[in-house]
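So the sequences go chain by chain: D and V.
Just add 64 to wherever you are in the first sequence, counting from 1, and you've got the numbering used here.
Just add 64 to wherever you are in the second sequence, counting from 1, and you've got the numbering used here.
Notes to accompany the following structure.
Number of protein chains: 2
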Amino acid sequence: MQKVTMADVAKLANVSKSTVSQYLNKRYDYMSEETKKRIARAIEELGYRPNFIARSLKQKSTATIGVIVFNILHMLTTQVLRAIEDVCQERDFHVIVCNTDDNPEKEKKYIEMLRAKQVDGLIVFPTGKNVELYERMTEEQFPLVFVDRMVPDLPVDAVLLDNYQAAKLAVDHLVDSGYERIGIVTPPIVSHVIPRIERIEGFKRAMTERGLPVVEEYIIGAEIPRIKEELNRLFSSDHPPQALFAINDLTLTEVLNFVKETNINIPDDLALISIDDVPFANIYTPRLTTIAQPTFEMGRKAAERLFMKIEQKEAGRHQVLRFSPTLIKRDSVKQQ
Amino acid sequence: MQKVTMADVAKLANVSKSTVSQYLNKRYDYMSEETKKRIARAIEELGYRPNFIARSLKQKSTATIGVIVFNILHMLTTQVLRAIEDVCQERDFHVIVCNTDDNPEKEKKYIEMLRAKQVDGLIVFPTGKNVELYERMTEEQFPLVFVDRMVPDLPVDAVLLDNYQAAKLAVDHLVDSGYERIGIVTPPIVSHVIPRIERIEGFKRAMTERGLPVVEEYIIGAEIPRIKEELNRLFSSDHPPQALFAINDLTLTEVLNFVKETNINIPDDLALISIDDVPFANIYTPRLTTIAQPTFEMGRKAAERLFMKIEQKEAGRHQVLRFSPTLIKRDSVKQQ
DNA sequence: TTGTATGCGTTATCAA
DNA sequence: TTGATAACGCATACAA
C-alpha cells in the first residue's frame, strides 16, 4: 500500500523525478503538452498519491495547526473550534485537537509534541501554568494565539470575551429591571483563571456603579458539585438574593438543578441571568435571559490572527482582542 | 527558529549523529555514561527538539489519525470525539479533526488530503456517498472505521447504535405506559442515512409487535425548520397522537419548541420520548425521558478497533459493532 | 561502544 | 524544456 512514489511515476513516464515534481506543483510554464500527458497518464495508472510528509520535510511547513483546549465537550470550545476549522478549511490547513482537562502537565506535553510534529502554529486555551513554555515560544517567534484566557505580562496574542462588559450587562439589566439583592455564582475563584476573576470583578464594579452594596454572602464560589448545597444554605437565610447571575453554563446548570428541587419560581421568586447562551435557553420555561459570547467570531479571529503570523513571519505588536458579549433578553428576568 | 538539528547536537557532543539518534531512542544498552551525559548536555544547551516529521518519513508512521465528522457541534460527535482523543492520548497519538457538513465533496477532499499527510488511520462518520473511495481504502487495507453510519455491503468496521433496539425501547416504554396513538418525528428519510432508516423501521416493527397500527399520518419526516408546521398540522387534526417519539436531539428540540408555542402540556396532554440524552433532560420541566447512546463507549471502541488495525496489519473479518441504548425514565412519559 | 553510509519521498539549484 | 544531484532531518545496517 502506498508504495508508489514519484520515482515510479518518473520511470513509467520516461522523465526524471524533477519533471514530475514540477508537474505536480503546476510549474508547467515550460513543459511540453506531450510530457504533461505522459506524466498524467502514469500518475493515473499507478494510482500515485504524493507524500505530503516528505514535502513538509523539505518545505518546513506542514499545513497543520494545533488547537489545545481544556475540554472539547464545553460548548464554548466546540464552537470556537468549529470556527477555527472553517478558517483552516479555506486554506487547506488541518487541525490537530488536544484536550488538556486544564492540566498543565498535559498541556506541556501536547505543546512539545505538536511542535516536534512541526505544526505551523498553535491556538491554545491556556492553563496559564506553563509560563516558561509560553515565553520560550514567543521568544522563538513561534505563531501562537491564546483564547479564553490570557497570561498577564506575556506578549501573546489573545482572543477574549470582554468579561467586564458581560458582568456589567448582567448587573445593569437586573438593576434596570428593579432588582437590588443580586447574587453571583461561580466556580472556585483562582487567580490564573482570567474570565472568572474578571467577571466577578466586573460584577462588583457594576454593582458599585449602580450604588448597590456588594454582599460577600451573595458571592457563591465553589466546585460545581458543591454549588447546590451552597445555594441551599443561602436561600434558607433571612435575606436571600432576589436575582442570580451565573457566570457560565456550568454554574447555570447547577442553579437550574437547585431551582428544580425547591419550590422557587423563576422569575417570580428569583430572577436569573447567565453568561453563555445555552442551547436550551429558548426551550426552557421560562425562556432564559442570557449573555452570549460571540464564539464563532472569536474562533475565526483567533485563526485569522494565527495565519497572519504564520504567513508574514513578522512579529508586530501583540494584541489582546476583546469581544463584546450580547444581552439576550428573554423571560427569566422580568420587570419588577 | 528550530534550526538546531541532530547534527548540531552530535558536533557539540563530539559524537556521530547515529549515537545521538540511539540516545534519543533510548537504545543506550551499550552507551557509556560519559557519552550519554555529553549528549544530554548538548541537547540541553542547544535547546534541541527532534523533528518528528523527519522521523515519520523514515518510519512510515506519523502517530496521527484523522477523524472526519459531519459537524463537531453535534453532541454525539463531540462526545465520540472526546473518547477517541482519550484513547489516542494514552498512546501518544494525535487527532486531526475535519468537518464535512455531510458534504461528500468535502469528505473526499479530506480523506485524500489526510492520506497524503500519511495519517496512520481514519475514523469516519461517512456521508455514505463516496463508495468508490471507501472501497479503495479497504482494498489497500488502510485502517478505517466508520461511526454512526455504515455502508451496506462494504467490508468496513463500523461502530453503530442498535437503532432497532432504541426504537423498540421507546415504543415499548410508551405502550407499557398505556399509550397507543404514537407518532414519530424525524428529519427527511433518505436511504443512505442508516440511523434514520433503522429507527423508523424499528419503530414500525415494534408497533406491529405490540399489535398497534402504524399510522402513516403520525410519521413526521421533514427538514428541521419545517417540522414545527407539520406538528401544527398534525395536532389540529381530529385524532392527534398521544405520544411522540423524537428520533434525535434536533427533532426533540423542534418538538419542544412546538410545545412551547401551544398549550399542550407534557406529559398530561402528550407524552414525549427521544433518542439522545440531551444535557438539559434533567433540568427541563418535566424532566425528559430519553434513550441514551453510549457515546463514550462507542468512541473508545472505534479508536480501539482502529488501533488494532494499525498495530497488527492483519485484516481479520470486519465487524459491525452494535451498541445498546439505555432507556432513562424520567417525567415526560407518565403512566396513563 | 561508536561511526559510516545509505535511504525515506520530496523539492531546489543549476546545468544541459 | 528537462535532468542530475544535493539537500531536508532522522534511522538503521553494518563496520570498525
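Glycine included, C-beta positions come from ideal geometry on N, C-alpha and C.
Note that the coordinates shown come from a computational prediction; the quantities given were computed from them, not determined experimentally.
Look at V:R146 here: in three-state DSSP terms it is helix. Listed along the chain, the chain V residues whose CB falls inside 9 Å of the CB of D:H158 are G130, I160, V161, C162, Y174, M177, L178, K181.
In terms of beta-carbon proximity, V:Y348 lines the interface with chain D, with at least one pair separated by less than 8 Å. The beta carbon of D:I337 is closer than 6 Å to those of A234, F309, T353, V397 in its chain, skipping five residues each way along the sequence. Going by DSSP, V:D240 is part of the alpha helix (DSSP H) stretching over 227–240. Judged by DSSP in its simplified three-state form, V:S80 adopts coil rather than helix or strand. For V:R386, the three-state secondary structure derived from DSSP is strand. For V:Q143, the residues of chain D that pass the 8 Å Cβ criterion are L137, in the order they occur in the chain. DSSP places D:S85 within a helical segment (H, G or I) once states are collapsed to three. In the same chain as D:R394, and ignoring 5 residues on each side of it, the C-beta atoms closer than 6 Å to its own belong to R351, L352, T353, in chain order. Residue environment: D:H237 is assigned as buried (16 or more neighbouring CB atoms within 10 Å of its CB, all protein chains considered). Contacts with chain V at 8 Å (Cβ-Cβ) include D:I117.
Across the structure, V:R213 and V:V257 are spaced so that their CA atoms are roughly 7 Å apart. The beta-carbon of V:E149 is placed less than 8 Å from the nearest beta-carbon of chain D. Under the DSSP assignment, V:T69 falls outside any beta strand (DSSP E); it carries neither an H nor an E label. By the rule that beta-carbons nearer than 8 Å mark a contact, V:R146 touches chain D. Interface criterion met: the Cβ of D:T126 is under 8 Å from a Cβ in chain V.
Interface criterion not met: the Cβ of V:F309 is under 8 Å from no Cβ in chain D.
In this structure, D:G130 places its C-beta atom within 8 Å of the C-beta atom of D:L186.
A distance of 8 Å or more separates the beta carbons of D:T191 and D:N163. D:A118: member of the alpha helix (DSSP H) spanning 116–123, first to last residue. In the three-state scheme derived from DSSP, where H, G and I count as helix and E and B as strand, D:F360 is classed as helix.
Within chain V, not a single residue places a beta-carbon under 7 Å from that of D:N167; the smallest gap is close to 11 Å.
Assignment of D:I258 by DSSP, reduced to helix, strand and coil, places it in the helix class. Take the alpha-carbon of D:K170 and the one of V:E196: they are about 40 Å apart.
Contacts with chain D (Cβ-Cβ distance below 8 Å) from the stretch 314–327 of chain V involve T317, L320, N321, K324, listed in chain order. Put simply, the backbone Cα of D:T202 is about 12 Å away from that of D:V215. For V:T390, the number of other beta carbons within 10 angstroms of its own is below 16, and it is reported as exposed. Look at the stretch 95–114 of chain V: the residues with a C-beta under 7 Å from a C-beta of chain D are R113, P114. For D:K67, the closest of V:M95, V:V73, V:K124 by C-alpha to C-alpha distance is V:K124. Taking a cut-off of 8 Å for Cβ pairs, the stretch 308–322 of chain D and the stretch 282–291 of chain D touch, as three or more such pairs fall below it. For D:S120, the closest Cβ of chain V is nearer than 8 Å. Contact with chain V is found for D:F344, since one of that chain's Cβ atoms lies less than 8 Å from the residue's Cβ. D:L218 carries a coil assignment under DSSP once its states are collapsed to helix, strand and coil.
Cβ-Cβ distances below 8 Å link V:I330 to V323, L336, P350, S396 in the same chain, with the five nearest sequence neighbours on each side left out; the list follows chain order. In the same chain as V:A231, and ignoring 5 residues on each side of it, the C-beta atoms closer than 7 Å to its own belong to R263, G266, F267, A270, in chain order.
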